[in-house]
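Asker: Below is one structure. I have some questions about it.
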Amino acid sequence: MSSDVKDARLAKLLERARKTSMSPSEKAEQRRSFAYGNAAFENPRITRQTIQDQEKALKETS
Numbered sequence: 001m002s003s004d005v006k007d008a009r010l011a012k013l014l015e016r017a018r019k020t021s022m023s024p025s026e027k028a029e030q031r032r033s034f035a036y037g038n039a040a041f042e043n044p045r046i047t048r049q050t051i052q053d054q055e056k057a058l059k060e061t062s
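Those letters in the sequence shown? Residues 1 to 62, by the numbering used here.
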């Protein structure tokens with residue numbers, strides 16, 4: 001596959017992504033996934049459950 005074809009496909013995908021909006025639940029899941037990925041990279045003892053527990057604790061204090 002030539003780079004021109006790849007670039008055109010990428011441009012189409014990016015344009016489609018720009019027009020897509022996420023639901024509140026999708027945004028929350030994306031936020032948890034981002035937090036997990038970054039935290040687990042630094043500390044392998046971090047689990048997805050740890051992230052969910054901390055999210056819940058933060059909601060309770062605000």
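Think of the CB as a built atom: it goes at the ideal place given N, C-alpha and C, for glycine as much as any other residue.
For residue 38, which of helix, strand or coil comes out of DSSP?
Answerer: Walking along the sequence shown from the start, residue 38 turns up at place 38. Looking at residue 38 - three-state DSSP - the assignment turns out to be helix.
Asker: What did DSSP end up calling residue 45 once you bin it into helix, strand or coil?
Answerer: Within the sequence shown, the letter at position 45 stands for residue 45. DSSP places residue 45 in coil when its eight states are reduced to three.
Asker: With DSSP run on the structure shown, which of helix, strand or coil describes residue 20?
Answerer: Walking along the sequence shown from the start, residue 20 turns up at place 20. Note: residue 20 maps to coil in three-state DSSP.
Asker: Work out the CA separation of residue 22 and residue 62 for me, nearest whole Å.
Answerer: The sequence position of residue 62 within the sequence shown is 62, counting from 1. The sequence position of residue 22 within the sequence shown is 22, counting from 1. In a straight line, the C-alpha of residue 62 is about 24 Å away from that of residue 22.
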